[in-house]
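Below is one structure, written out as structure tokens; comments come after it.
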Amino acid sequence: MSDSNPYAPPAVADLEAASGLTWQVQGNALLVKNGAVLPQIDLETGEHAPEMMCALRVLETAGSMLFLRFFILAGICIFLTGFIKLGVAATIGIAAALSLIFQLAALRGPSNERIVISEFFGDHRLKARGTRRKWRFIAIGIICAVMMANPFLISRFNPDYTEIVVGVFGGGVVLLIGIAIWAVLDRSSAKSMAGPPGWMRIAPVHPQALAFLNDLQNEARLQAAALPASRKRLIRTTYYHRYPLRLLLGKNLTKPLLLIRIVLMKFLRSRHLERETYHYSEALTVPADQLCPQILTAINSWLAAHPDWSFVTGEQSTSPAGDLHLHSAILAAPGLDHSACVVHAWATLKPKAGTTQSSFGSWLADGTFIRTNDHPYLPHRNPRVRDFRASGTPDQVFQAHLQHCAGQAISPSRDPQELLARVQQEKEETDQLLTAMGYQSEVREVG
């Protein structure tokens, strides 16, 4: 905070350093960093429940306001000049060009003029608001279609041509204004406003939500104060736009619009594909019963078919923004000559759209690590690691792995601790190579 003005708003650096959170309570308001995911609390009603719907809150961009001003100005000019067909055609052309420019700018990456965060809503309120929003979009589409098509559907030789076109256009404008007023009145009572650069200010927030968030904030500050001064979390920037396109596309090959968006974002080196990520060592070791249901299902299925295998360890981690989650588990064969790693990743916004991947690994006597994956993998150029890919069920992938190991001297781990040490060593080597190849930045410490 400024020393010269005690009433000045906190600086961005002060906000981030306060508790390590991506949001801060300020009086009856909440300051939220761009891209952050808020805790599971409804800001408007104070509702808090284990199962809540996650949705985006967007602070409108300067570009979208320019788009709205253009349509208002175009409508006035068309109405005053009487050049209906020429004006409508020009409006459509310019609107299409502006829309393309804004879409490309949005794909290029976020800016301080457009803040997007994720928040939670009670299921009933979210569905009701979504239904009303859908009907507004339908009504706007119908009205705009009628307004645009009307001059072309009526013969210019009709004696009432001008009156009909102007009447339809004017009526459409009135209806659009009415829908806009409805949308404004239907917005959350917790309003979105501009905060410091890169932050959104939400106010007023429901008192129960403020109390809940205050408790979380104080708890985070106490935990941060209890840590040794030397204990810092390791964080880095991962440049996903440098990843091979096949990895970015994943299972989206059947979704043409999403596929085009991903291709454009990679081509534009979109900042959406640059994300803050924790170093692998920041993952939290957990027992099996604290892993997500998808991992538990995979573990139980494998152990049921291979009862001599055992669970070795589990890990869970979350992105710094809190919008991505990753759980993993390592299983081992009875002689510790083979191991399996199962990973499930999902987004807070779409928890049911996660992906589960598995791989099998073995160490050879010469120190080489052979790994067989059921998914595309990132080329890392580690001479001590030989990666393969196989399709099918986990059993089929494991059989393919055994074929890759056939005729080679396997070096089993002496105990689970040595197995985990080998896993950590492979992670460290690969991590250093990915940094050297430019896929990620060097790590930095944060409080």
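In the working numbering, each residue carries its 1-based index in the sequence shown increased by 7. Even for Gly, the Cβ is constructed at its ideal location relative to N, Cα and C. Values in this document were obtained by computation on a predicted structure and should not be read as measured data.
| query | By Cβ distance, which residues of its chain are closer than 6 Å to E452, with the 5 residues on each side in sequence left out? | reply | By one-based count along the sequence shown, residue 452 stands at place 445. Counting only Cβ-Cβ distances below 6 Å, and skipping sequence neighbours, we find K239.
| Excluding five sequence neighbours on each side, which residues of the same chain lie with their C-beta closer than 6 Å to the C-beta of Q447? | Taking the sequence shown and counting its residues from 1, one reaches residue 447 at position 440. The beta carbon of Q447 sits closer than 6 Å to the beta carbons of R243, T245, L441 from its chain, once the five residues preceding and following it are set aside; these are given in chain order.
| task | Could you check what DSSP says for K357 in three-state terms: helix, strand or coil? | result | Stepping through the sequence shown from its first residue, residue 357 is reached at position 350. In this structure, K357 counts as coil in the three-state DSSP scheme.
| request: Could you spell out where the beta strand (DSSP E) holding Q490 opens and where it closes? | output: What the structure shows of the chain is the stretch from 8 to 454, and residue 490 is not part of that stretch, so it cannot be assessed.
| Helix, strand or coil: how does DSSP classify D296 here? | Residue 296 sits at position 289 when you count from the first residue of the sequence shown. In this structure, D296 counts as helix in the three-state DSSP scheme.
| message | Closest to V337 by C-alpha separation, out of A312, A328, A305, would be which residue? | response | One-based indexing of the sequence shown puts residue 337 at position 330. The residue asked about is misnamed: residue 337 is Ile in this sequence, not Val. For I337, the nearest C-alpha among the options comes from A305.
| Distance, Cα to Cα, T188 vs V181? | Here residue 188 is taken as the residue at index 181 of the sequence shown, counted from 1. Here residue 181 is taken as the residue at index 174 of the sequence shown, counted from 1. Sequence inspection shows Ile at residue 188; the Thr mentioned does not correspond to that position. So the two alpha carbons sit approximately 11 Å from each other.
| Residue from N41, E322, F405, C412 whose Cα sits closest to the Cα of L371 | In the sequence shown, the residue the question calls residue 371 occupies position 364. The shortest C-alpha separation from L371 is found at C412.
| Between which two residues does the beta strand (DSSP E) containing T284 stretch? | As a position in the sequence shown, residue 284 is number 277, starting the count at 1. Element bounds for T284: 281–285.
| Residues bridged to G368 [DSSP beta-bridge criterion] | Position 361 of the sequence shown, counted from the start, is the residue given in the question as residue 368. DSSP output for G368 lists S346, R378 as bridge partner(s).
| query | Among residues of its own chain, excluding the 5 on either side of V450, which ones have a beta-carbon nearer than 6 Å to its beta-carbon? | reply | Reading the sequence shown from its first residue, position 443 is the one you call residue 450. The residues are L241, R243, H286.
| query | Does the pairing of the stretch 265–280 with the stretch 309–324 give three or more beta-carbon distances under 8 Å? | reply | no
| query | Which one or two residues does DSSP pair with V39 in a beta bridge? | reply | Counted from its first residue, the sequence shown places residue 39 at position 32. Looking at the DSSP assignment, V39 forms a beta bridge with W30, M207.
| query | According to DSSP, is K239 helix, strand or coil? | reply | On the sequence shown, residue 239 is found 232 positions in, with the first residue counted as 1. Looking at K239 - three-state DSSP - the assignment turns out to be coil, as it is neither helix nor strand.
| task | Could you check the C-alpha separation between T320 and I147 for me, to the nearest Å? | result | Taking the first residue of the sequence shown as position 1, residue 320 is located at position 313. Taking the first residue of the sequence shown as position 1, residue 147 is located at position 140. Cα to Cα, the separation comes out at about 54 Å.
| task | Go ahead and pull the three-state DSSP assignment for Q447. | result | What you label residue 447 is simply residue 440 of the sequence shown in a count that begins at 1. DSSP, read as helix, strand or coil, puts Q447 in strand.
| task | Answer with buried or exposed for P327, where buried requires no fewer than 16 other C-beta atoms within 10 angstroms of its C-beta. | result | Here residue 327 is taken as the residue at index 320 of the sequence shown, counted from 1. That one is buried.
| Taking the DSSP output, what are the residues bridged to R228? | Counting from one through the sequence shown, the residue named residue 228 turns up at place 221. R228 is not bridged to any residue.
| query | In the DSSP assignment, what are the bridge partners of F127? | reply | The residue you call residue 127 lines up with position 120 of the sequence shown. F127 pairs with C61.
| task | Can you have a look at W309 and say buried or exposed, based on whether 16 or more other CB atoms are within 10 angstroms of its CB? | result | Locating residue 309 in the sequence shown gives position 302, where the first residue counts as 1. Under this definition W309 is a buried residue.
| field | Selection from P358, P419, V39 that minimises the alpha carbon distance to P341 | value | Taking the sequence shown and counting its residues from 1, the one referred to as residue 341 is at position 334. For the residues P358, P419, V39, the minimum Cα distance to P341 belongs to P419.
| Beta-carbon spacing of W353, H387 below 9 Å | Position 346 of the sequence shown, counting from 1, holds the residue named residue 353. Position 380 of the sequence shown, counting from 1, holds the residue named residue 387. Against a cut-off of 9 Å, the Cβ pair of H387 and W353 comes out as no contact.
| query | Cβ-heavy atom distance between N221 and the ligand GTP below 8 Å? | reply | Ligands in the displayed structure: none, and consequently the ligand GTP is not present.
| request: Could you check the C-alpha separation between F405 and F367 for me, to the nearest Å? | output: Sequence index remark: in the sequence shown, residue 405 carries index 398 (1-based). Sequence index remark: in the sequence shown, residue 367 carries index 360 (1-based). Rounded to whole angstroms, F405 to F367 spans 6 Å at the Cα level.
| DSSP beta-bridge partners for S199? | Working through the sequence shown from its first residue, we reach residue 199 at position 192. DSSP output for S199 lists I209 as bridge partner(s).
| request: Quick one: measure Cβ to Cβ for R391 and F376, integer angstroms, because I've assumed they're closer than 8 Å. | output: Reading the sequence shown from its first residue, position 384 is the one you call residue 391. Reading the sequence shown from its first residue, position 369 is the one you call residue 376. Rounded, the Cβ-Cβ distance is 6 Å, consistent with contact.
| request: Give the straight-line distance between the Cα atoms of F164 and G202, rounded to the nearest whole angstrom. | output: For the purposes of this step, residue 164 is taken as the residue at position 157 of the sequence shown. For the purposes of this step, residue 202 is taken as the residue at position 195 of the sequence shown. Cα to Cα, the separation comes out at about 56 Å.
| Which residue comes first and which comes last in the beta strand (DSSP E) that contains A339? | Translated into positions along the sequence shown, residue 339 becomes position 332. Element bounds for A339: 331–339.
| Given V65 as reference, the closest of E51, V39, E54, P57 once Cα atoms are compared | Along the sequence shown, one-based indexing puts residue 65 at 58. The option with the nearest alpha carbon to V65 is V39.
| query | With which residues is L291 paired in a DSSP beta bridge? | reply | In the sequence shown, residue 291 corresponds to position 284, counting from 1. According to DSSP, which records beta bridges pairwise, L291 is partnered with Q323.
| task | Thinking I48 and L220 are a contact (beta carbons under 8 Å), I'd like their distance in whole angstroms, please. | result | Mapped onto the sequence shown, residue 48 falls at position 41. Mapped onto the sequence shown, residue 220 falls at position 213. Contact holds; Cβ gap of about 7 Å.
| task | Note down, in chain order, each residue of its chain lying with its Cβ closer than 6 Å to the Cβ of A197, except the 5 sequence neighbours on either side. | result | Taking the sequence shown and counting its residues from 1, the one referred to as residue 197 is at position 190. Excluding positions up to five away in sequence, the list reads L50, E51, I209, V212.
| request: Give the DSSP-derived three-state secondary structure of H248 in the structure shown. | output: By one-based count along the sequence shown, residue 248 stands at place 241. In this structure, H248 counts as helix in the three-state DSSP scheme.
| Where the alpha helix (DSSP H) containing V270 begins and where it ends | Mapped onto the sequence shown, residue 270 falls at position 263. Segment 263–274, the alpha helix (DSSP H) holding V270.
| task | Give the DSSP-derived three-state secondary structure of A305 in the structure shown. | result | Here the question's residue 305 lines up with position 298 in the sequence shown. Here A305 sits in helix by DSSP.
| task | Output the distance between the C-alpha atoms of L426 and Q33, rounded to the nearest integer angstrom. | result | On the sequence shown, position 419 is the one that residue 426 refers to. On the sequence shown, position 26 is the one that residue 33 refers to. Their Cα atoms are separated by approximately 48 Å.
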